[in-house]
Each structure stands twice: as C-alpha cells, then as structure tokens.
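Here the structure is laid out as structure tokens; the discussion comes afterwards.
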Amino acid sequence: MSASLENERHPGTMRKGLRIGLRLGALATAVFLLGCGDSPDAELATARAAIEAAKQAGAEKYSQSTLWEASHDLDSALQEIDTQKKAFIGRDFANARRLLQKAGDKAREAGASALRASIEQDILAKAAAAKDTARADSLTQSPANGPSAPTATRSGAESAINLTYAGYQKARRQAGPNAKAALESILQNLKDARAALKAKDYAKALGLSGAAKAKLDSLPR
8 MSASLENERH
18 PGTMRKGLRI
28 GLRLGALATA
38 VFLLGCGDSP
48 DAELATARAA
58 IEAAKQAGAE
68 KYSQSTLWEA
78 SHDLDSALQE
88 IDTQKKAFIG
98 RDFANARRLL
108 QKAGDKAREA
118 GASALRASIE
128 QDILAKAAAA
138 KDTARADSLT
148 QSPANGPSAP
158 TATRSGAESA
168 INLTYAGYQK
178 ARRQAGPNAK
188 AALESILQNL
198 KDARAALKAK
208 DYAKALGLSG
218 AAKAKLDSLP
228 R
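This is the structure in structure tokens:
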C-alpha cells in the first residue's frame, strides 16, 4: 500500500505527527538560543576581580608582562562578548568564556609572582638594614669598654676588622720611617682580632679592632 493512500485513510495521524515535529523543532531552537545566548557576566566579574587583586599585590611593578597578558585576554573577551550580543540568533559565548578563564588564570599567576617578589625584596631590604646597623654599632663602640658579648656579632666584628685593616694598608703606604713601630703594633692587634674572630670571641675581636683603629687615628698625618 502506498504512503499517499495510507495518509488519505488516516489524515488525523498525519496532522498529529506534523504538529509533534514542529513542536520538537521549536523546542530545539529555543534550547539552542537560550543555552548559547547567556552572557558570561559572572565569569567577567571574576576575571576583573582577579586582575584587580594582582594589581593590589604589586603585579604592575613585579610581574608586568603576565599582568599585561591577563588584561589583553580580558579586552579580547569584552570584544567577543560585544560581537555575540549583536547577533540576533546563534549567540555563542564559549570563546568569550575561554578568554575570561585565561585572563583570570594569568592574573592569579601575576599576583602570586608579584607577592613572592615583594617578600623577597622585603627580606633583602631588612638584611641590608641589619648589616648596616651591625657595622655602625661596631664602629661606634669604645675601644676601652668594648661591646658586651650578647651584642657582638660575627658580621659586625668582621666588618670592623676589615675596615681597620684597609686603613692600616693605606697608612703603611703613606707613613714615614718613624711610624714603623706603631704600624707593627696595629698589625699585631689586627692579627689578634682575627684569631679572636676565629675562636668566636666576637667581643674580644671588636675590642682589638677598636684598639687598632685608635692607634691608626693617632698616627701623625
């Protein structure tokens, strides 16, 4: 039996099938438009927040290139979002979401890198300040009284000895024959200071270095 004859005998069945097909088609179209047409507002807010957090962490100073990549991806995502919003049908924000995810990842990477660099800079600055303080303390100690053992440090004693020895070398080149005995006494103080430093008696090393410096200062110019 032919299909046309069968349809003539059952017109209600044909119309019912046609209605079902149209409804399914309309439902599929609606699902497509709704599923692909949602603007990625949440993802956009997350990416922007990540970039702002990276800037707060110092990325503009310590991780400029990575932060620039994150900002570039964000700009590209905004352009893609604008393009898709102008489309009447078939909106697809998948690429925009991909760019926003990439922007957020780069921003978080920049922020973490900046934070590490900032901490390292802070540690180095504090170490340099501590070294300068130790040197200043060692140079201002009285040779007669010397520093007490708890305040004397190896770095301070070693710095004082090195500075005094540099002054000794300069004085030895410039001093006349009459300064020979004084220079020998200064050198002996420095040798004894080195021995005390090796024995970890930093207070004694500082005292001997101070005595040598006092003798240097008393040499005739």
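Residue numbering for the sequence shown follows this note's numbering, starting at 8 and increasing by one per position. Virtual Cβ for every residue (Gly too), placed ideally from N, Cα, C.
Practice problem: Express the C-alpha separation of LEU122 and ILE58 in angstroms, rounding to a whole number. | Solution: In the sequence shown, counting from the first residue as 1, residue 58 sits at position 51. In the sequence shown, counting from the first residue as 1, residue 122 sits at position 115. Those two C-alpha atoms are separated by around 14 Å.
Quiz item: What first and last residue would you give for the alpha helix (DSSP H) that runs through GLY217?
Solution: Walking along the sequence shown from the start, residue 217 turns up at place 210. 209 to 224 is the extent of the alpha helix (DSSP H) around GLY217.
Quiz prompt | Cβ-Cβ separation, GLY118 to ALA60 (assumed contact under 8 Å), whole Å | solution = Taking the sequence shown and counting its residues from 1, one reaches residue 60 at position 53. Taking the sequence shown and counting its residues from 1, one reaches residue 118 at position 111. That pair is a contact at about 6 Å.
Practice problem: Put SER166 into one of helix, strand or coil per three-state DSSP. | Solution: Within the sequence shown, residue 166 is the residue found at index 159, counting from 1. Here SER166 carries a helix assignment [DSSP, helix/strand/coil].
Quiz prompt | Proximity below 8 Å, CB of SER125 to CB of ALA141 | solution = Stepping through the sequence shown from its first residue, residue 125 is reached at position 118. Stepping through the sequence shown from its first residue, residue 141 is reached at position 134. No, the pair does not count as a contact, with Cβ atoms beyond the cut-off.
Quiz prompt | Of the residues ASP139, GLU76, LEU226, ALA221, the one placed nearest LYS113, counting alpha carbons only | solution = For the purposes of this step, residue 113 is taken as residue 106 along the sequence shown, with counting starting at 1. It is GLU76 whose Cα lies nearest to the Cα of LYS113.
Quiz item: Would you call ALA136 buried or exposed, if buried means 16 or more other Cβ atoms sit within 10 Å of its Cβ?
Solution: Residue mapping note: residue 136 aligns to position 129 of the sequence shown, counting from 1. Counting the other Cβ atoms within 10 Å of the Cβ of ALA136 gives fewer than 16, which makes it exposed.
Self-check item: For ALA84 and ALA101, believed in contact at Cβ under 8 Å, the rounded distance
Solution: Residue numbering aside, residue 101 sits at position 94 when the sequence shown is read from its first letter. Residue numbering aside, residue 84 sits at position 77 when the sequence shown is read from its first letter. Not confirmed; about 11 Å, so no contact.
Practice problem: Would you mind stating whether LEU213 and ALA164 have Cβ atoms separated by less than 8 Å? | Solution: Residue mapping note: residue 213 aligns to position 206 of the sequence shown, counting from 1. Residue mapping note: residue 164 aligns to position 157 of the sequence shown, counting from 1. Annotated as proximal: LEU213 and ALA164, with beta-carbon spacing under 8 Å.
Practice problem: Quick one: residues in its chain with C-beta nearer than 6 Å to the C-beta of ASP80, no 5 flanking neighbours on either side, listed in chain order? | Solution: Numbered from its first residue, the sequence shown carries residue 80 at position 73. Exclusion of the five residues before and after ASP80 leaves LEU106, LYS109, ALA110 as the residues of its chain whose Cβ lies within less than 6 Å of its Cβ.
Exercise. Compare the Cα-Cα distances from ASP82 to each of ALA203, ARG55, THR160, ASP45 and report the closest residue.
Key: Numbered from 1 along the sequence shown, position 75 holds the residue referred to as residue 82. Checked all of ALA203, ARG55, THR160, ASP45; the closest Cα to ASP82 is ARG55.
Practice problem: Excluding the 5 residues preceding and the 5 following ILE193 in the sequence, name in chain order all residues of the same chain whose CB lies nearer than 7 Å to its CB. | Solution: Here residue 193 refers to the residue found at position 186 of the sequence shown. If the five residues before and after ILE193 are omitted, its C-beta is found closer than 7 Å to the C-beta atoms of TYR175, ALA219, LYS222, LEU223, all from its own chain and listed in chain order.
Quiz item: Under 8 Å, do ARG104 and PRO47 count as touching if we go by C-beta distance?
Solution: If you number the sequence shown from 1, residue 104 lands on position 97. If you number the sequence shown from 1, residue 47 lands on position 40. The criterion of a C-beta distance shorter than 8 Å is satisfied by ARG104 and PRO47.
Quiz item: SER216 and ILE168: beta carbons closer than 8 Å?
Solution: As a working mapping, residue 216 is identified with position 209 in the sequence shown. As a working mapping, residue 168 is identified with position 161 in the sequence shown. The criterion of a C-beta distance shorter than 8 Å is satisfied by SER216 and ILE168.
Quiz item: Hey, how far is the Cα of ASP129 from the Cα of GLN63?
Solution: Taking the first residue of the sequence shown as position 1, residue 129 is located at position 122. Taking the first residue of the sequence shown as position 1, residue 63 is located at position 56. Approximately 16 Å between the Cα atoms of the pair.
Quiz prompt | Own chain, CB closer than 7 Å to GLN86, minus 5 neighbours either side, in chain order | solution = As a first step, residue 86 is located in the sequence shown; it is residue number 79 there, counting from the start. If we look at GLN86 and ignore the five residues flanking it on each side, it has no Cβ neighbours.
Practice problem: Please name the residue, chosen from ALA203, ASP45, LEU204, that lies closest to ASP89 on a Cα-to-Cα basis. | Solution: Reading the sequence shown from its first residue, position 82 is the one you call residue 89. Ranking the options by Cα distance to ASP89, first place goes to ASP45.
Quiz prompt | ALA173 versus ALA210, LEU190, ASP139, LEU204, residue with shortest Cα-Cα distance | solution = Position 166 of the sequence shown, counted from the start, is the residue given in the question as residue 173. Checking every option, the nearest Cα to that of ALA173 belongs to LEU190.
Practice problem: Determine the contact status of ALA132 and ALA210, defining contact as a CB-CB distance below 8 Å. | Solution: Working through the sequence shown from its first residue, we reach residue 132 at position 125. Working through the sequence shown from its first residue, we reach residue 210 at position 203. Result no, Cβ atoms of ALA132 and ALA210 do not sit closer than 8 Å.
Quiz item: Just how far apart, CA to CA, sit ALA206 and ASP199?
Solution: The sequence position of residue 206 within the sequence shown is 199, counting from 1. The sequence position of residue 199 within the sequence shown is 192, counting from 1. Rounded to the nearest whole angstrom, the C-alpha separation of ALA206 and ASP199 is 11 Å.
Quiz item: Which of the three DSSP states, helix, strand or coil, is assigned to ASP199?
Solution: What you label residue 199 is simply residue 192 of the sequence shown in a count that begins at 1. Annotated three-state conformation of ASP199 is helix, per DSSP.
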